[in-house]
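Heads up: the structure comes next, in structure tokens.
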Amino acid sequence: MKKIITIIIIGLAVIYLIQRIVKKININTKHHIGEVIDEFNGVRVYYNGGIDHTSGRNVTKDGYNIGINYQCVEFVKRYYYEFYNHKMPDSYGNAKDFFDKNIPDGAINTKRNLVQHQNPSKQKPEINDILIFNKNIFNPYGHVAIISNVSETNIEIIQQNPGPFSKSRELLEINQKDGFWTIKNDRVLGTLHLKSTNTN
């Protein structure tokens, strides 16, 4: 019995190590790290290879921290900086940290200086909102993206670093019931919205 347990533990350790290595290297030879693969409103999306790959930190000339190059957070913050000239008061944190569960729906998230909406929310998601995904067993950091299109039945997101074979654009279903809009994905925590915008 001990031998079987030892074999299982060694097997799990090997799987874990392989997974950690694959998440750091580029296994998709069709793209190179730093390649422009998409853009939205003139803001570029770069290819990152393995989701844990890092390529230094993007900092503006005046010292504002955009984030680690080619990660999802870097794109979202760069988008808000370039498109809106918006700087977040707290310029650090992982993707999941963009959402504060203690903030009521429609209140200001002071760390980001943006209006936070939960999922579900009375507010329909809007183009240019930041969408925040919670962590999961394979990704302890969470994920963020920009909403690039909205209809009555779905939203389109544009994202950086979704994985070496994943697309930069993705559709998520939405619906409205009893006055609340729900983004039908269990990992979606909610959205962040620049108060002065009105795109719909």
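Here the sequence shown is numbered in this note's numbering, starting from -1 and rising by one per residue.
No residue lacks a Cβ here, since even glycine has one placed at the ideal position from N, Cα and C.
Note that the structure is a prediction, hence the values are computed from the model and not measured.
Report the rounded CA-to-CA distance for residue i versus residue j, giving the unit in angstroms.
i, j, result
"T58", "K122", "32 Å"
"N264", "N26", "In the structure as shown, the chain begins at -1 and stops at 198. Residue 264 is therefore absent and cannot be evaluated."
"V148", "M86", "25 Å"
"H0", "Y44", "The sequence given here has Lys at residue 0, not His. Each residue's alpha carbon lies about 48 Å from the other."
"N196", "D127", "Residue confidence is low: N196 scores 46 on pLDDT, short of 50, so the model does not pin down where it sits. Its coordinate-derived value is still stated next. For N196 and D127, the distance between alpha carbons rounds to 10 Å."
For residue i, which option in the options has the closest C-alpha, if you only look at C-alpha atoms?
i, options, result
"N137", "K0, L192, C70", "C70"
"N100", "E37, G188, I31, G61", "G188"
"R55", "A105, R42, E72", "E72"
"E124", "D50, I135, E154", "E154"
"I64", "G40, A93, G47, G48", "A93"
"G91", "K175, K109, G40", "K109"
Measure the Cβ-Cβ separation of residue i and residue j and say whether it is below 7 Å.
i, j, result
"N117", "R185", "no"
"V113", "H29", "no"
"G48", "I23", "yes"
"S53", "Y68", "yes"
"S164", "I35", "no"
"L170", "N183", "yes"
"N111", "D98", "no"
So residue i and residue j are supposed to be a Cβ contact under 8 Å. How far apart are they, rounded?
i, j, result
"N152", "I135", "About 26 Å; that fails the 8 Å criterion."
Run through the stretch 92 to 120 for me and flag every whole beta strand (DSSP E) of 3 or more residues, listed as ranges in chain order.
105 to 107, 112 to 116
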